[in-house]
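Participant:
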Amino acid sequence: MLGIDLPAQQTKLDHEPIHVIGQIQPHGGLLVLEEPELKILQVSNNTSRVLGIPAEAMLEKTLEDVLDPFQVERIKAGLSEENLDLINPTKIWARKKGDDYAVFDGVFHRNSDGCLILELEPAVSRETIPFLSFYHLARASINQLQQTSNLRDFCQIIVKEVRKV
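According to the working numbering, the sequence shown holds residues 38 to 202 in order.
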């Protein structure tokens, strides 16, 4: 078996040019966004086929120019929590033509440069799965509880998180 230096490999992937990453998902799309206004800095070539908007036309626009304002406000609220587990995965819909919408499962990541990356894959189901929302809330709560060092903080987190549910 060959020895692989994983930290070096991870570092290489962390600095991988975005245009190479865009080649990986022919069935979905990838957008690189600048926070807080969610300005579109880069898109994968296949995003135009997926969203029906030429890639060049999306550059330097905001996510609100591509998605409806209600949806963008919901996304911004989730991103403001700093814990992407609360928002991932999320249903994202984009108008293609007229009343024709495409529905995607969206996943957000932050890279080492501080950019927000949105991966879009065609949704298996157009319905939001309620259990996923609860799952994300529970997982985020458990993560916070594991980081507490005393009983008082533990109890305060429990009260705060139960109110969210």
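Just so you know, even glycine gets a beta-carbon here, dropped at the ideal spot from N, CA and C.
Quick one: residues in its chain with C-beta nearer than 6 angstroms to the C-beta of Lys-76, no 5 flanking neighbours on either side, listed in chain order?
Facilitator: Within the same chain, Lys-76 has close Cβ partners Thr-99.
Participant: Report the partner residues of Ala-139 according to the DSSP bridge assignment.
Facilitator: Beta-bridge pairing links Ala-139 to Ala-131.
Participant: Apart from the five residues just before and just after Gly-115, which ones in its own chain have a Cβ nearer than 6 angstroms to its Cβ?
Facilitator: The residues are Leu-123, Ile-124.
Participant: Count the C-beta pairs between the stretch 150-162 and the stretch 193-201 that are closer than 8 angstroms, then say yes if the count reaches three, no if not.
Facilitator: No, because fewer than three Cβ pairs between the stretch 150-162 and the stretch 193-201 fall closer than 8 angstroms, the two stretches do not touch.
Participant: Please return the same chain residues whose Cβ sits closer than 6 angstroms to the Cβ of Pro-126, not counting the five positions on each side in sequence.
Facilitator: Excluding sequence neighbours, Pro-126 sits near Asp-142, Val-144.
Participant: I need the straight-line Cα distance from Ala-87 to Gly-66, nearest angstrom please.
Facilitator: The sequence shown places Val at residue 87, not Ala. Distance between the alpha carbons of Val-87 and Gly-66: 7 angstroms.
Participant: Could you pull the start and end residues of the alpha helix (DSSP H) that Ile-112 belongs to?
Facilitator: From DSSP, the alpha helix (DSSP H) with Ile-112 extends over 106-117.
Participant: How big is the Cα-Cα spacing for Ala-92 and Leu-70?
Facilitator: Near 14 angstroms, if we compare the C-alpha coordinates of Leu-70 and Ala-92.
Participant: Could you check if Val-80 is buried or exposed, using at least 16 other CB atoms within 10 Å of its CB as the buried criterion?
Facilitator: Burial call: buried.
Participant: Buried or exposed for Ile-112, please, with buried defined as at least 16 other CB atoms from any protein chain shown within 10 angstroms of its CB.
Facilitator: With 16 or more other Cβ atoms within 10 Å, it is buried.
Participant: Roughly how many angstroms separate the alpha carbons of Lys-197 and Leu-188, rounded to a whole number?
Facilitator: Distance between the alpha carbons of Lys-197 and Leu-188 is about 14 angstroms.
Participant: Under the rule that 16 or more other beta-carbon atoms within 10 Å means buried, what is Asn-83, buried or exposed?
Facilitator: Buried, since its Cβ has 16 or more Cβ neighbours within 10 Å.
Participant: Can you look up Thr-99 in the DSSP assignment and give me helix, strand or coil?
Facilitator: If DSSP states are grouped into helix, strand and coil, Thr-99 belongs with the strands.
Participant: In the structure shown, what three-state DSSP assignment does Glu-156 receive?
Facilitator: Residue state, collapsed to three classes: strand.
Participant: For chain D, check one thing: does any of its Cβ atoms lie closer than 8 angstroms to the Cβ of Leu-104?
Facilitator: Looking at the structure shown, chain D is missing, and only one protein chain is on hand.
Participant: Tell me the rounded alpha-carbon separation between Ala-131 and Ser-186.
Facilitator: Looking at the two C-alpha atoms, the distance is approximately 44 angstroms.
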